[in-house]
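Peer 1: Protein chains in written order, with the numbering used here: chain A, 2 to 440; chain B, 2 to 440. Just so it is clear, CB atoms sit at the ideal spot from N, CA and C, and this is done for glycine as well. All figures in this text were calculated on a predicted structure; none of them were measured in a lab. To start, I am sharing the structure in question, which I have written as C-alpha cells.
Right, here's the structure in full:
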C-alpha cells in the first residue's frame with residue numbers, strides 16, 4: 002500500500018481546555034503532535050502519500066505540515082466543512098482522491114509504530130475491507146465511548162458504540178478500498194453519518210475482515226486523562242527486552258523521566274550520546290584525584306552517565322529519529338567510556354595507594370578486557386534474546402557500571418576491579434558455550 | 002525453483018588416466034568430488050530435489066550419494082545406458098520425471114556457488130528456456146571444444162561447437178521447462194543427439210533466453226589441465242574483498258596452500274579456529290620468557306597463527322561448511338588472542354627490563370584497547386566496503402600481528418606497543434568520522 006487517509010476534521014470538544022488555540026491533532030505529546038506520530042508511523046510503514054481530511058481550524062494543520070516534504074512523504078488536504086456531523090462524512094469526502102486500496106487512520110489515536118507495519122502488510126480477500134480489532138482490550142479503554150465489534154470466524158458481523166453483544170474493540174485503523182464508497186454512500190442515505198455506521202454497511206455484506214491488533218498498545222485520545230495515559234504508554238514502550246536488571250529497575254525509570262523533560266527541546270539523539278559520554282569521561286577524570294571523597298563522587302557520576310546513556314535511544318524512538326549510525330555510535334562510545342573508566346579506576350587506586358603494583362594493573366587489564374568481551378558477545382546474545390524471548394539476567398553494562406558505583410562508594414576499588422575481572426570474563430566464556438548451542 | 006537435473010552419464014574419456022576406477026563426476030577436487038560441489042551449490046540456492054542422470058559406472062555414483070539425506074536434499078537417479086551417444090539423450094531420459102521448470106547442470110562444470118543462486122532467481126518469459134552465457138570468457142577456456150553462442154537482443158540465435166559467428170560461451174547451466182521436451186525430441190528425430198543441438202531447436206523458435214553469467218568463475222573440466230585450473234580458481238576465490246594488505250599478499254597465499262593440504266583431512270573449520278587460537282596463546286606464553294631469542298620465536302609464531310587463522314574460513318567455504326557460529330567464534334577467539342598477545346608482550350618486556358614501569362603498562366592498555374576498537378569498528382566498516390566496493394588499505398588484525406612480528410624480531414617491544422597504541426586508536430577514531438558519512 003502506498004497511500005493513507007487520516008481523519009483530522011473533528012472539533013475534539015472533550016479535551017477543549019488544552020486545545021483552545023489549536024485543533025486536537027496538534028496537541029503535543031512527548032515532543033510530537035498527535036497527528037505527527039500517525040504520519041511518522043505511516044512513513045516507517047512505507048506509505049509515501051498521505052491525505053488529511055481537515056475541518057475545524059484546518060488552516061493551522063495545513064500551516065503546520067505544508068506539503069509534507071519535511072517528513073519525507075507527500076501530504077494532501079481534503080476539506081470537510083461539515084465537521085460538526087459524524088466522522089463518516091470525512092471519509093466520504095475522500096472519495097474522489099483515493100482510487101485504490103488505502104489505510105485509514107484517526108488523527109487522535111496513538112499506537113506503537115510496529116502495529117501499522119503489520120497491518121499494512123495484511124492480505125485481504127477480494128472486495129474485503131480490513132478493520133483492526135483489539136480482542137484483549139486493556140482496562141484503560143473507556144468502554145462506554147469505544148466502538149465495539151462482534152467478530153465471528155474472522156469477520157466483523159456487528160459494529161457500533163451501543164451493541165450489547167461484542168468481543169472486540171475497533172482500534173480506528175482500517176484498510177479501505179475505493180470500491181466500498183458506494184456502500185458508505187448507501188449508509189449515509191439511510192441517515193448514518195458515523196464511520197462505524199458506514200462500516201456496518203460492509204459488515205452486513207460479510208466483507209469486513211477483522212485484523213487482530215498485534216501491537217503493544219493503542220489508545221484513542223478523547224480526554225485529558227487519556228492523553229496522560231497515552232504518555233505513560235509511550236514511555237513504558239521505551240523499556241527494552243534486552244535491558245538488564247539494573248537498567249530495567251533503576252536506569253530506565255529515571256532515564257525515561259529525563260527523556261520526558263528533554264524530548265521537547267531540540268536535542269538530537271546523537272548529541273545525547275555525546276553528552277552521556279562526556280559525563281562518563283568526567284567520572285574517569287575524578288577517579289584520578291586518588292582520594293576517597295572523589296571516588297565516591299566519581300562512582301555516582303559514572304552511574305548517572307549510565308542512566309543518561311539510555312536517553313539517546315529513548316529520544317530517538319519517541320521522535321522517530323532512530324538511525325543506524327546513532328545506534329552504532331552509542332555502542333562505540335560506550336566502549337570508550339568503559340575503557341577510560343577502568344583506566345581511571347586503576348590509576349586512581351594506584352595514586353591512592355601511592356604505589357603502582359603490578360597486580361592492580363593486571364587485574365585492570367582483565368577487567369577491561371572482560372568488559373569489552375561482554376559487549377562484544379552481547380551483540381549476538383541480544384539477537385537470540387529478541388528472537389527467542391529468552392528470559393534470565395543479562396549481565397551487561399548496566400550492572401558493570403552499577404558495580405563501579407558501589408565499589409567507589411565503599412572505597413573498595415581493587416576488589417571492584419577483581420570482581421569485574423572475574424565476572425565479566427566468566428560470563429563471556431559462558432556465552433561462547435551458550436551461543437554454540439543457540440546460533 | 003525446487004528441482005534440478007544433473008547430467009553425469011558420460012565417460013569422460015579425455016581425463017581417463019585419473020578416473021580409471023571411478024567416473025569423472027567422482028573425481029575429488031579440494032575435498033569434494035566434482036558433482037558434490039554442484040549438488041551443494043544447488044542446496045545453497047534452495048533446491049530441494051535433485052535428479053542425476055547416470056550411465057557410465059552408475060553404481061559408483063549411486064553408492065556415493067544414496068538418497069541424498071546426508072546433503073540435506075532428495076536425490077533421485079535416472080538411468081541412461083546410451084551414454085556413448087550425445088549428452089542430449091541424458092536430458093531426454095528425464096522427460097517423465099520433471100513436470101515443471103527446473104535447473105539443468107553438468108556434473109563436470111565448476112563455478113562459484115553465488116552464480117547458481119542468481120540464475121535460480123532469474124525470471125523467464127512464457128515458454129522461454131534460459132541458458133547461462135559467458136560474454137567475457139576468460140583465456141583458460143578451450144575455445145576449440147567450447148559450445149559457442151550468438152546472442153542478439155538478449156536471445157540466443159545460434160548455438161554450436163563449430164559456429165563461426167559467436168559472442169559468448171555456453172556455461173552449461175540452463176533453466177528448462179517440461180514444455181520444451183517436444184522440441185528436444187524433434188531435434189533428436191533430425192539426428193541431433195547433443196544438448197547444444199537440442200537447444201538450437203529452441204533458439205530457432207526465438208525462445209532461448211541468454212542469462213549473463215555473473216559469477217566469479219566457471220570452468221568445464223574435460224582434461225587434467227582444466228582440473229588444475231579449476232583448483233587454482235577455487236583457491237583464488239578464497240581471497241576476500243575485506244582482506245587487508247598483509248592478508249592479501251602474505252597470509253592468504255600461504256594459508257590457501259595450507260588449506261589445500263588440509264582440505265582432504267577430516268578437520269572441521271571450528272577445529273582450525275581453535276588450533277590457530279592455541280598457536281597464538283603459545284606465542285603469548287613465549288613472550289613471558291622475557292628474552293630476545295624467545296621474543297623472536299614468539300613473534301614468528303604469532304605471525305604463523307595469523308596465517309593459520311585464515312584456514313578455518315577457507316576450509317569452510319571450500320567444503321560448504323560455513324556457519325554463523327563458526328564466523329562468530331573465529332572473531333571472538335581473535336579478540337582473546339589479541340588480548341593475550343599484548344598482555345604477553347607487556348609483561349614479557351617488563352621482565353626483560355627487570356622493572357614494571359607504569360609507562361609500559363599504560364601503553365599496553367592503550368594498545369590493547371585500540372586493537373579491540375579496531376575490530377569493533379571493522380564490523381560496520383566491512384559491511385560498507387562490501388556494499389560500496391571501497392578500495393584503500395584496511396588496517397586490521399593482519400597488519401597488527403605483522404607489526405608484532407617485526408617488533409619482536411627487532412626486539413623493540415615498547416616501541417611496538419607505542420606504535421600499536423597510536424595507530425590503532427587513531428584509525429578507530431578516524432573510522433567513527435568516516436562511518437558517520439557512510440552509514
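1. Let me know if residue 444 of chain A comes out buried or exposed under the rule of 16 or more other beta-carbons within 10 Å of its beta-carbon.
2. Can you tell me where the beta strand (DSSP E) holding residue 131 of chain B begins and where it ends?
3. Identify whether residue 405 of chain B lies in helix, strand or coil by the three-state DSSP scheme.
4. On the three-state DSSP scale, how would you describe residue 337 of chain B?
5. Output yes or no for whether 8 Å exceeds the beta carbon distance between residue 331 of chain A and residue 260 of chain A.
6. Check whether the Cβ of residue 344 of chain A lies closer than 8 Å to any Cβ atom in chain B.
7. Roughly how many whole angstroms lie between the Cα atoms of residue 157 of chain B and residue 60 of chain B?
8. Rounded C-beta distance between residue 343 of chain B and residue 368 of chain B? I'm assuming under 8 Å.
9. Using a cut-off of 8 Å between C-beta atoms, extract the partners of residue 433 of chain B located in chain A.
10. Check each residue of the stretch 377–399 of chain B: if its Cβ is closer than 7 Å to any Cβ of chain A, include it; give the result in chain order.
11. What are the residues that DSSP puts in a beta bridge with residue 1 of chain B?
12. What three-state label does DSSP hand residue 75 of chain A in the structure shown?
13. Which of the residues in the stretch 353–371 of chain B, read from start to end, lie with their CB under 9 Å from any CB of chain A?
14. What would DSSP say about residue 187 of chain A, mapped onto helix, strand or coil?
15. List the residues of chain A that residue 437 of chain B touches, going by C-beta distances under 7 Å, in chain order.
16. Compare the C-alpha of residue 398 of chain B against each of B:355, B:438, B:337 and B:354 and name the closest.
17. Taking the Cβ atom as the reference point for each residue, do residue 92 of chain A and residue 104 of chain A lie within a distance shorter than 8 Å?
18. Along chain A, which residues have their Cβ under 7 Å away from the Cβ of residue 340 of chain B?
19. What does the Cβ neighbour count give for residue 304 of chain A, buried or exposed, with the cut at 16 atoms within 10 Å?
20. Could you tell me whether any Cβ in chain B is nearer than 8 Å to the Cβ of residue 440 of chain A?
21. Taking only three categories from DSSP, how would you classify residue 127 of chain B?
22. So within the stretch 343–430 of chain B, which uninterrupted alpha helix (DSSP H) runs reach at least 4 residues, ignoring any that extend past its ends?
23. Please work out which residues of its chain come closer than 6 Å, Cβ to Cβ, to residue 87 of chain B, disregarding the five sequence neighbours upstream and downstream, and give them in chain order.
24. Check the Cβ of residue 374 of chain B against every Cβ in chain A and list those closer than 7 Å, keeping chain order.
25. Identify whether residue 34 of chain B lies in helix, strand or coil by the three-state DSSP scheme.
26. At which residues does the alpha helix (DSSP H) containing residue 296 of chain B begin and terminate?
27. In three-state DSSP terms, what is residue 113 of chain A?
28. In the DSSP output, what is residue 50 of chain A paired with across the bridge?
29. Looking at residue 151 of chain A and residue 6 of chain A, is the spacing between their C-beta atoms short of 8 Å?
30. For residue 394 of chain B, which residues of its own chain have a beta-carbon under 6 Å away from its beta-carbon, when the five flanking residues on both sides are left out?
31. Classify residue 358 of chain B as buried or exposed, calling it buried when 16 or more other Cβ atoms lie within 10 Å of its own Cβ.
32. What residue range is occupied by the uninterrupted alpha helix (DSSP H) comprising residue 275 of chain A?
33. Do residue 96 of chain B and residue 81 of chain B have their C-beta atoms within less than 8 Å of each other?
34. If we ignore side chains and look at the alpha-carbon of each, how far apart do residue 112 of chain B and residue 216 of chain B end up?
35. Bridge partners for residue 152 of chain A per DSSP, in chain order?
36. For residue 160 of chain B, tell me which candidate among B:178, B:114 and B:211 has the shortest Cα-Cα distance.
Peer 2: Put simply:
1. No answer is possible for residue 444 of chain A: it lies beyond the span of chain A, which begins at 2 and ends at 440.
2. Looking at the DSSP string, the run of the beta strand (DSSP E) that includes residue 131 of chain B is 130–135.
3. For residue 405 of chain B, the secondary structure class from DSSP, reduced to helix, strand or coil, is helix.
4. Helix at residue 337 of chain B.
5. No. Outside cutoff.
6. With 8 Å as the cut-off, residue 344 of chain A counts as an interface residue toward chain B.
7. Each residue's alpha carbon lies about 37 Å from the other.
8. Confirmed, about 5 Å.
9. What residue 433 of chain B touches in chain A: 330 and 333.
10. Shown in chain order are the members of the stretch 377–399 of chain B whose Cβ falls below 7 Å from a Cβ of chain A: 377, 378 and 381.
11. Lying outside 2 to 440, the shown extent of chain B, residue 1 of chain B is not represented and no answer is given.
12. Three-state result, residue 75 of chain A: strand.
13. Listed by position, the residues of the stretch 353–371 of chain B near chain A (Cβ gap below 9 Å) are 357, 358, 359, 362, 363, 365, 366, 367, 369 and 370.
14. For residue 187 of chain A, the secondary structure class from DSSP, reduced to helix, strand or coil, is helix.
15. Ordered by position in chain A, the residues that pass the 7 Å Cβ test against residue 437 of chain B are 326.
16. Nearest Cα to residue 398 of chain B within the set B:355, B:438, B:337 and B:354: B:337.
17. Not a contact, by the Cβ cut-off of 8 Å.
18. Here the neighbours are 370.
19. Residue burial is scored here from C-beta neighbours: residue 304 of chain A has at least 16 other C-beta atoms within 10 angstroms and is therefore classed as buried.
20. Yes, its Cβ sits closer than 8 Å to a Cβ of chain B.
21. DSSP places residue 127 of chain B in coil when its eight states are reduced to three.
22. Qualifying alpha helix (DSSP H) stretches, in chain order: 359–389 and 398–410.
23. Around residue 87 of chain B: 194 and 195.
24. Listed along chain A are 336, each with a C-beta nearer than 7 Å to that of residue 374 of chain B.
25. Strand, per DSSP.
26. Where residue 296 of chain B is concerned, the enclosing alpha helix (DSSP H) stretches over 293–309.
27. Residue 113 of chain A carries a coil assignment under DSSP once its states are collapsed to helix, strand and coil.
28. According to DSSP, which records beta bridges pairwise, residue 50 of chain A is partnered with A:4 and A:75.
29. In this structure, residue 6 of chain A lies away from residue 151 of chain A, with their beta-carbon atoms at least 8 Å apart.
30. Answer for residue 394 of chain B: 246, listed in chain order.
31. Exposed, since its Cβ has fewer than 16 Cβ neighbours within 10 Å.
32. Residue 275 of chain A: member of the alpha helix (DSSP H) spanning 270–288, first to last residue.
33. No. Outside cutoff.
34. Each residue's alpha carbon lies about 7 Å from the other.
35. Residue pairing by DSSP places residue 152 of chain A opposite A:157 in a beta bridge.
36. Of the listed residues, the one whose Cα sits closest to residue 160 of chain B is B:211.
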